[in-house]
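Reading the sequence shown from the start, the letters are residues 32 to 131 in the working numbering.
Every residue gets a Cβ at the ideal spot worked out from N, C-alpha and C, and that includes glycine.
Owing to the predicted nature of the structure, the values given are computational and were not obtained by experimental measurement.
Step one of this worksheet: look at the structure below.
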Amino acid sequence: QGGGCLDEVHSQHQRGILATVSPGYPGQTPALVGIVADDVADVHLVLGDSSPTAVPIVNNSIYLPLTSLPEDASIALHVDYRDETTGVVRLMNPRSGRGK
32 QGGGCLDEVH SQHQRGILAT VSPGYPGQTP ALVGIVADDV ADVHLVLGDS
82 SPTAVPIVNN SIYLPLTSLP EDASIALHVD YRDETTGVVR LMNPRSGRGK
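Rendered as structure tokens:
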């Protein structure tokens, strides 16, 4: 369960990537989901202070089940672009109810 709109205002904050963490229905595993532009080379997920986890890009989309998502963990995507620049996208943790 989840939804989002990509418009000119919001796309300026997340260069080349539109992602969210879907909480799923009660009892389901949360999941990282999103779409990525052609200029995105790699995406890595960082939960709290854990090591980065590579997120596969398939058909300009990303999906990763988050089976052990702590309630207090911050969530960030580290993005590598084909032009060798990088970016960080911070996402809300649906288990905490707060954006971190």
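Check, Outcome
"Length-filtered (3 minimum) beta strand (DSSP E) runs lying within the region 65-116", "71-78, 84-86, 92-96, 106-112"
"Residues sharing a beta bridge with S53, DSSP", "A62"
"Cutoff 7 Å; reference G79; Cβ partners in own chain excluding five residues on either side", "P101, A104, S105"
"Cβ-Cβ distance between V119 and I48 below 8 Å", "no"
"Residue nearest to D114 in terms of C-alpha spacing, selected from G58, A62, V64, V71", "V71"
"Reduced DSSP category for R126 - H, G, I as helix; E, B as strand; rest coil", "coil"
"In DSSP terms, what G118 is bridged to", "V110"
"Sequence-distant residues of its chain with Cβ nearer than 8 Å to P61 (five each side left out)", "V52, S53, P54, G55, P96, L97, L100, P125, R126"
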